[in-house]
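Let me begin by presenting the structure, written as structure tokens, before commenting on it.
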DNA sequence: ATTATAATTGATAATCAATATCAATAATAT
DNA sequence: ATATTATTGATATTGATTATCAATTATAAT
């Protein structure tokens, strides 16, 4: 994980947008980069609380969204569950296998599928920008 | 659309579950089967109100969920938008191209992708049950 | 048929995640 | 230093979904 590069990207994004850097923003980014994949705002907030007891939930929420805006984070919404966020920078695009029993995420990618998706879009006069593919089922442990 | 067959499926599902048929349930199913693809509870409720002015929102909501339970309807959740429901019976599985500008849904299917998805799951010791594939981009009109 | 039972309805309240508001504070420019 | 303006953190609001519950209705039992 190129932590320092991510931080540079964030700082230059702030500058470009006329936004200011703050200690909270630094802590949030730092903690996010160290955190588990697929973290929720709640979870991130709880980890941050230990180091920065005064930090507010709204601040964490706002800034994780900001990180999505600058391409460092990606939001994953599964049904009505809480949004989860994963690192995007230097993290190749992938799709997910999601276990219906234990909730485990497995990251996968198949270039042949990716190509066929583009073709499928084209064939429908549709310009693809991004996509989401989730396969639900049972992981090895749960089946 | 096999409207009468869908109604039979619904009735036998009710019987199997020890539930009762009601005039509201009949109207909701009937209206749902006639309605546009990808309808929200709100929209369905508003259509129903014309014929059944006393029907309640909660009843529509409850029963569209019931139809999902018996395999006649399918819920589509895109991000934080309202859930939409589509007919499932005799409606082949398909995926969606979703226009980011106008919100249009295009239904698509590619058997080669379906096969590769199964293989991809298998290769990860994962037993696929269902999946969701959405390609976001711009439709012909909007691009 | 009449009554007992149990499920359903419809209005409304509760829930819950996401987002907006706003006074106080902090960062930058002047 | 001071003015300007963005950010923070607490809290309120929103908006969708789901739960509650008394009244009603459908079915079973007598």
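Protein chains in written order, with the numbering used here: chain A, 13 to 155; chain B, 13 to 155.
Ideal Cβ positions, reconstructed from N, Cα and C, are used throughout, including at glycine.
Computed from a predicted structure; not experimentally measured.
Neighbour flag for residue i against chain A, beta carbons, 7 angstroms
i	result
residue 152 of chain B	yes
residue 137 of chain B	yes
residue 118 of chain B	yes
residue 143 of chain B	yes
residue 83 of chain B	no
residue 88 of chain B	no
residue 91 of chain B	yes
residue 70 of chain B	no
residue 16 of chain B	no
residue 155 of chain B	yes
Residue i at chain B interface by Cβ criterion, 7 angstroms
i	result
residue 129 of chain A	yes
residue 24 of chain A	no
residue 124 of chain A	yes
residue 147 of chain A	yes
residue 56 of chain A	no
residue 140 of chain A	yes
residue 78 of chain A	no
residue 133 of chain A	yes
residue 109 of chain A	yes
First and last residue of the uninterrupted beta strand (DSSP E) at residue i
i	result
residue 142 of chain A	139–150
Cβ neighbour criterion (16 or more within 10 Å) applied to residue i
i	result
residue 37 of chain B	buried
residue 114 of chain A	exposed
residue 15 of chain A	exposed
residue 33 of chain B	exposed
residue 10 of chain B	The question about residue 10 of chain B has no answer, for chain B in this structure spans 13 to 155.
residue 143 of chain A	buried
residue 162 of chain B	Nothing can be reported for residue 162 of chain B: it is not among the residues displayed for chain B, which extend from 13 to 155.
residue 75 of chain A	buried
residue 18 of chain A	buried
residue 68 of chain B	exposed
residue 91 of chain B	exposed
residue 110 of chain B	buried
residue 133 of chain B	buried
residue 147 of chain B	buried
residue 141 of chain A	exposed
Contact belief for residue i with residue j at Cβ below 8 angstroms, rounded distance in angstroms
i	j	result
residue 98 of chain A	residue 107 of chain A	Not really, about 12 angstroms apart at Cβ, beyond 8 angstroms.
residue 128 of chain A	residue 125 of chain B	5 angstroms
residue 138 of chain A	residue 118 of chain B	6 angstroms
residue 72 of chain B	residue 56 of chain B	6 angstroms
residue 26 of chain B	residue 79 of chain B	11 angstroms between Cβ atoms; not a contact.
Run of the alpha helix (DSSP H) containing residue i, from where it starts to where it stops
i	result
residue 26 of chain B	15–29
residue 46 of chain A	35–46
Segments of 4+ residues assigned as alpha helix (DSSP H) that fall wholly inside the stretch 49–135 of chain A: DSSP runs (the alpha helix (DSSP H)) wholly in the stretch 49–135 of chain A: 53–63, 69–81 and 123–135.
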